[in-house]
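Chemist: Just so we're aligned: the sequence shown equals residues 349 to 479 in this note's numbering.
Every residue, glycine too, gets a C-beta built ideally from N, C-alpha and C.
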Amino acid sequence: MKQKNIVGDNIRRLRLEAGITQEEVALRSGLSQGYINQLESGKRRFTQKSLELIAEALSVPMSELFRGDESRTLPVMKEETRIYERKGVNKKEFLSLIKDLPDHIVEHYFILMKLERELWGKAEKGLLSNQ
349 MKQKNIVGDN
359 IRRLRLEAGI
369 TQEEVALRSG
379 LSQGYINQLE
389 SGKRRFTQKS
399 LELIAEALSV
409 PMSELFRGDE
419 SRTLPVMKEE
429 TRIYERKGVN
439 KKEFLSLIKD
449 LPDHIVEHYF
459 ILMKLERELW
469 GKAEKGLLSN
479 Q
């Protein structure tokens with residue numbers, strides 16, 4: 349079973365929509381043209397840093413690189429999110445946990461939280477619906 353290359357396909361799509369070549373993305377990102385080519389073709393794995401550089405080179409949020417088929421939608425579980433709202437988050441405890449983590453771990457969770465916030469905003473606006 350062949351795996352989908354969502355990130356590579358999105359890099360190619362966004363690059364072509366911007367009307368730029370792999371070489372231009374490479375120059376803007378500081379990565380090699382060969383690496384961009386291998387990402388697009390699914391022959392190479394990406395790193396968080398390389399995706400940050402590519403997203404910046406394409407002038408898009410990094411979450412755009414993970415966008416799946418637009419005909420599919422993500423389920424939104426309103427009832428479950430209400431449970432978490434009632435429990436409340438102890439922000440002081442959250443900040444103390446982050447304070448004790450290494451910077452690269454904090455950066456990882458920061459990016460995940462930004463993606464979650466973007467998805468949450470879309471869900472609240474009704475752009476995502478139950479399947």
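Cβ of Ser407 within 7 Å of Cβ of Leu463?
Modeler: Against a cut-off of 7 Å, the Cβ pair of Leu463 and Ser407 comes out as no contact.
Chemist: Do you know how far the Cα of Lys440 is from the Cα of Arg360?
Modeler: C-alpha separation (whole angstroms): 42 Å.
Chemist: By how many angstroms is the C-alpha of Gly367 removed from the C-alpha of Leu387?
Modeler: Their backbone Cα atoms lie some 18 Å apart in a straight line.
Chemist: Is it the case that the Cβ atoms of Ile384 and Gln370 are separated by a distance below 7 Å?
Modeler: Yes; because the gap between Cβ atoms is below 7 Å, this pair is in contact.
Chemist: Do Gly390 and Gly356 count as a contact pair if the criterion is CB distance below 7 Å?
Modeler: Against a cut-off of 7 Å, the Cβ pair of Gly390 and Gly356 comes out as a contact.
Chemist: What residue range is occupied by the uninterrupted alpha helix (DSSP H) comprising Asp448?
Modeler: Premise fails: Asp448 is in no alpha helix (DSSP H) and is neither H nor E.
Chemist: Can you tell me whether DSSP reads Asn353 as helix, strand or coil?
Modeler: Looking at Asn353 - three-state DSSP - the assignment turns out to be coil, as it is neither helix nor strand.
Chemist: Please return the same chain residues whose Cβ sits closer than 7 Å to the Cβ of Gly378, not counting the five positions on each side in sequence.
Modeler: So the qualifying residues of the chain are Leu401.
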